[in-house]
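Read in the numbering used here, the sequence shown has 240 at position 240, and its numbers run on one by one without any break.
All residues carry an ideal CB built from backbone N, CA and C; glycine is no exception.
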Amino acid sequence: MRYVLNERYRLRGWYKLPTGVLDTLQKQANFLPPNEYRLLLKCDGAHRMEEENLGEKELKFLEKLEKGGVIRRAILGEFLQPEQAYVTYPARYRKEAHWSITGACNLKCRHCFMSAPSAKHGSPSHEQIISIADQLAECGVFRVGLTGGEPLIREDFLDIIDAMNEREIGISVIYTNGWLVDEKFLDELDKRSAHTAFQLSYDGVGQHDFLRGVDGAEEKTLKALKLLQERNHKVSVSMSLHKGNRHVVRESVNLMASLGVKSMKVGSMMNLGEWTLPEMRDLQMTPADEQEVFEEYIPQYFEDNAPVSIMLSGSFMYTPGDSKWRIFHERKIPAEAEKKVPSCGVLTHNFYIGADGMVAPCMGMCDCGFSKNFPNLFETPLKDILRDSELIRLSGVTVGEVRDRSGKCRDCEFIDRCFGGCRNAALMAGDDYYGVDPSICEFFKNGWDKRIREVADPAFEEYIKRCPPKGKGKPKEESAEECP
C-alpha cells in the first residue's frame, strides 16, 4: 500500500526543530519524533509500505494519521505535490508575529503606551513592509497579527493583505479602534478571502470618547462592533481600566455581550507613553485599586450568567460552559521543573515587530529603557534574529533563571505559582529583565488570590446551579497567544 500527504499539509523543518508538519489552514506546525517523521516522509505516493514489514507502533501511527486526515491511501500515479516537499527554514520556529505596521494613529488616546498620537515610532515605507513580509516567509513565520498605532490608516493596507496572501501568511487578527471599519472595507477583505478576527478596544459606557481623545469614538466603535458581528467576523474586546471608568465595568461587559461579543479582557494600563504624563496621574490605578474592582465585579459577572468569556487582568478568567474558573497568575509547577519551564510561554511562540523595525519578545517592551538591547531588522536580517540571538535567549528565560537572578524571587514561597511574573511588567518597574513583577508580588503576598476565591466560589456555585457546565474536567488552558 502507498500513502500520500493530504493537500493541506506540508513537510517543513526549522532550525533545531527539523521534523515539522505545517498545517496551511491553521498556519501552524506540529512536530513529530524523528522515528515517526521518517515514516511520514515515505507518505509521498512513491514508497510501498507493506503491513508485514511494519511494526505494531508504525501501523498504529499510520492509522492515527489517516484518521486525523493528515494522510490518505494513494491511488495509482498520485504523488506528493512539489509545494508539499520537505523544506527547511534558517530560523527557529515561531508561530506568530505581532506586527505594528504603523506607529501612527487617527485618535489621541490618553493612555497610548507607544505614543501613537505623535507617531513616536514612525511608520515603515511600503518597500520596508514588503521586505519584512519577505523575511517572515523566509523564516517560516506564517501567521501575523496586524496592529499599530492604527493599522487601517495605511493607504496601502489592502496591498499589505495582498502581500501576505501571496506569501501564504495568514492574518490571525487585526487590532483596530474601529473608526475605519465599514462595509466597503469588509467587502475588500472578503474579495481577498481574509475573513480574519478583529480585536477592538471599548473603554466603557459613556467613557470611551474621553480616553480615546476624540469625540464620536464610542459611536464609531459600537457601529464597527455591530457590523463585524453582522458579517460573522470573530470579535474580541479589551477594556482599559482607570479610576474614571471603574464604575461602568458591569454595564460595559453586558453591552458587549448584547452585541454578540464572545471574549473580553479588562485591566488597567501599562505605565508607559502617554499614560505617564502628569495630567494622567489622578486616573492611574494601583494594583490594590484593580483588585477592589475585580472583587466587586466577579459576583456580578456570575449573577449575569457569565455573559462573555472574560479575563480580568491575571486575577480571574472564565469561559462560559467550563466546569471551573481560573486565576491566570497561578501556574503551579514542581521545583525540579523550574530550570526547564519558561517564565512566559507566550514569548517562546510569538514575537513583536515594531513600526521602527525593532524586534522584541513582547509589544509592551517597545518603549521601555531596556528596548535598546533589542535588535532591529532594518539592520539585522530576521533569520539571524530568530536563530541564536540575545532575543531568542531572553524569550526563553526560565522560572529558575528568574529565581536565581532576582534577589526578591530567590527565597519567595510563591515563585512556583507566579513563575516570576510578567517580564514586561518587570521591565516597566525597573528595566531589569530578571526583576520583580510588583503587581503579582502584591497579589500573592497580600493574599489577594484567597480573596478572589472568597468572592468567586460562592457566586460560581450559584451560577452552575442555573447554568450547568457542558462537561467535566479542567477548564481550557490559556493559549500561547493569550496574556493578561
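Exposed or buried, which one is residue 340 when buried takes at least 16 other CB atoms within 10 Å?
By the 10 Å Cβ count, residue 340 comes out exposed.
Can you name the residues that DSSP bridges to residue 350?
In the DSSP output, where bridge partners are listed per residue, residue 350 has 96.
Grouping DSSP H, G and I as helix and E and B as strand, with all else coil, what is residue 133?
Three-state result, residue 133: helix.
Alpha carbon to alpha carbon, how far is residue 423 from residue 269? Give it in angstroms, no decimals.
If I take the Cα positions, the gap works out to 16 Å.
Whose C-alpha, out of 461, 192, 284 and 103, is nearest the C-alpha of residue 118?
It is 103 whose Cα lies nearest to the Cα of residue 118.
Expressed to the nearest angstrom, what Euclidean distance is found between the alpha-carbon atoms of residue 22 and residue 168?
If you draw a straight line from the Cα of residue 22 to the Cα of residue 168, it is about 12 Å long.
Which of helix, strand or coil DSSP assigns to residue 341
In the structure shown, residue 341 sits in coil (DSSP, three-state: anything other than H, G, I, E or B).
With 16 other Cβ atoms within 10 Å as the buried cut-off, status of residue 144:
So residue 144 ends up on the buried side.
Return helix, strand or coil for residue 15, following the three-state DSSP convention.
The DSSP-derived three-state label of residue 15 is coil.
Count Cβ pairs between the stretch 219-231 and the stretch 167-187 that sit closer than 8 Å; are there 3 or more?
In short, these stretches touch, since the Cβ pair count reaches three.
Opening and closing residue of the beta strand (DSSP E) in which residue 3 lies:
Its beta strand (DSSP E) spans residues 3-5.
Could you compute how far the alpha carbon of residue 472 sits from the alpha carbon of residue 444?
Residue confidence is low: residue 472 scores 49 on pLDDT, short of 50, so the model does not pin down where it sits. Its coordinate-derived value is still stated next. Approximately 28 Å, taken between the alpha carbons.
Do you know how far the Cα of residue 246 is from the Cα of residue 137?
A straight-line Cα-Cα distance of about 43 Å links residue 137 and residue 246.
Heavy atom of the ligand SAH less than 7 Å from the Cβ of residue 338, yes or no?
With respect to small molecules bound, the structure shown includes none, and the ligand SAH cannot be examined in it.
Might you give, ordered along the chain, the residues of its own chain that have their beta carbon closer than 6 Å to the beta carbon of residue 475, omitting 5 neighbours on each side?
Only weak support is given to the placement of residue 475: the predicted model assigns it a pLDDT of 49, under 50, and the value that follows is read from those uncertain coordinates. Same-chain partners within the cutoff: 322, 324 and 326.
Proximity of residue 226 and residue 259 at Cβ, strictly below 8 Å:
Taking 8 Å as the Cβ cut-off, residue 226 and residue 259 qualify as a contacting pair.
In the stretch 123-177, which residue ranges form an unbroken beta strand (DSSP E) of at least 3 residues, counting only runs that do not cross its ends?
Complete beta strand (DSSP E) runs here, min 3: 143-147 and 170-176.
Are the beta-carbon atoms of residue 156 and residue 121 separated by less than 8 Å?
Going by beta carbons, residue 156 and residue 121 fall outside the 8 Å limit.
Given residue 291, which residues of its chain have a CB within under 6 Å of its CB, disregarding the five upstream and five downstream residues?
Take residue 291, set aside five residues on each side of it, and the residues of its chain with a beta-carbon closer than 6 Å to its own are 448, in chain order.
List, from N- to C-terminal side, the alpha helix (DSSP H) runs of 4 residues or more that fit wholly inside the stretch 356-416.
Those alpha helix (DSSP H) runs which fall completely within the stretch 356-416 and span 4+ residues are 382-388, 390-395, 399-405 and 407-410.
If you pair each beta-carbon of the stretch 232-242 with each one of the stretch 196-211, do three or more pairs fall below 8 Å?
Contact between the stretch 232-242 and the stretch 196-211 is present, because at least three Cβ pairs lie under 8 Å.
The beta strand (DSSP E) that contains residue 265, what's its start and end?
Note, residue 265: beta strand (DSSP E), 263-268.
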